[in-house]
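This report concerns only the one structure given below.
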Ligand code: T6T
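Numbering (this note's numbering), first residue to last: 98 to 441.
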């Protein structure tokens, strides 16, 4: 695989909102959207952040799930920004990526009357009404995921997930120029981010006659389930050439399943996210490319937007962050900074 090809593709597809530098104490943003020329560099040309918040606001961050390096890294970005602005961020998340576990956390957070809630909703439908209701008494900032109708939100900050799915297919295509059968390993239907990634990937596969789209398998965000599903899928389609794993936990399980089936030479795996276990699989050669998001930046912008709204400043309703495509060739070089953290 040629590093330059993958990186060039990523550079041409990563869309970011460019925020203009300014010394104002409130975030202001241009509406321009630019292509990142270097996907390993932060996508925003210059982030505009308030100097200090007008008050020591209390921002509550509710993750999609605890212990996920994507959300841990987001927490690090949020906490660093909060410190800079003179506000507080408290973080908690459900044990599983599950709205029945996340809603009670939102309820208890709301009972304490926070100034703002920054949340990654775990389901597009189940979290719609609870968040709409919450927005009547607090600022709601969506980070990463969204719900069916996010019009209640002060701001929504996320990756270009559909574009990331397309980028994943392009990586698989470069690894398998002759085409073949490919599939997706996902989490659960109803998660906005992974659903968008699947769409981007599926549309791209279906537009390329050399490739056959098998299906999407749902691992419930559990690596062991993903590994089992992968083993069965390879028994059914032993000539499969590629898998797109749509997030961190499905990727961990996919790598295990491919390794256990001894199919590492034949099946090329490209996954979203860049947790430490995924990086290990990349270095070992079970996974060929990682589409790393910018969770730290998402957390930072989340706090910026909450503070801007509370201060009565300018809020950008939708902020899109970029990607870094990590391969074996750049993992220890200019892409190292894109690897997610296990602690702040
Ligand atoms: O991929 C991220 C996140 O973007 C997605 O919404 C859920 O899964 C992750 O947290 C990775 O585990």
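The beta carbon of each residue, even a glycine, is placed where N, CA and C say it ideally should be.
Measuring alpha carbon to alpha carbon, tell me which of the options ends up nearest residue i.
| i | options | result |
| --- | --- | --- |
| residue 428 | 281, 339, 312, 375 | 375 |
| residue 423 | 369, 207, 404 | 369 |
| residue 247 | 217, 206, 421, 274 | 217 |
| residue 387 | 261, 150, 227, 230 | 261 |
| residue 371 | 417, 436, 352 | 436 |
| residue 239 | 307, 419, 399, 420 | 399 |
| residue 277 | 414, 335, 441, 384 | 335 |
| residue 263 | 249, 293, 209 | 293 |
| residue 284 | 265, 219, 272, 337 | 219 |
| residue 289 | 237, 221, 328 | 221 |
| residue 362 | 408, 287, 272 | 272 |
| residue 207 | 266, 228, 381, 396 | 228 |
Please state the DSSP three-state secondary structure of residue i.
| i | result |
| --- | --- |
| residue 215 | strand |
| residue 436 | coil |
| residue 280 | strand |
| residue 202 | helix |
| residue 230 | helix |
| residue 157 | strand |
| residue 164 | coil |
| residue 380 | helix |
| residue 303 | helix |
| residue 388 | strand |
| residue 209 | coil |
Using a threshold of 8 Å, state whether the C-beta atoms of residue i and residue j are closer than that.
| i | j | result |
| --- | --- | --- |
| residue 318 | residue 162 | yes |
| residue 279 | residue 310 | yes |
| residue 169 | residue 438 | yes |
| residue 340 | residue 351 | yes |
| residue 281 | residue 343 | yes |
| residue 234 | residue 249 | no |
| residue 345 | residue 165 | yes |
Pull up the CB-CB distance for residue i and residue j, whole angstroms please, since I reckon it's below 8 Å.
| i | j | result |
| --- | --- | --- |
| residue 355 | residue 367 | At roughly 12 Å, the Cβ-Cβ gap does not stay under 8 Å, so residue 355 and residue 367 are not in contact. |
| residue 418 | residue 256 | 5 Å |
| residue 349 | residue 320 | 4 Å |
Next item on the list: Take every Cβ of the region 387–395, pair it with every Cβ of the region 168–177, and state whether three or more of those distances are shorter than 8 Å.
Entry: yes
Margin query: If contact is defined by three or more beta carbon pairs under 8 Å, each pair taking one atom from either stretch, is the region 147–154 in contact with the region 181–196?
Written below: yes
Notebook entry, point to check: Taking three-plus beta-carbon pairs below 8 Å as touching, is the region 203–216 in contact with the region 402–416?
Noted result: yes
Next item on the list: Answer yes if the region 409–424 comes into contact with the region 192–212, meaning at least three C-beta pairs across the two stretches below 8 Å, and no otherwise.
Entry: no
Notebook entry, point to check: Does the region 301–308 come close enough to the region 342–358 to have 3 or more Cβ pairs within less than 8 Å?
Noted result: no
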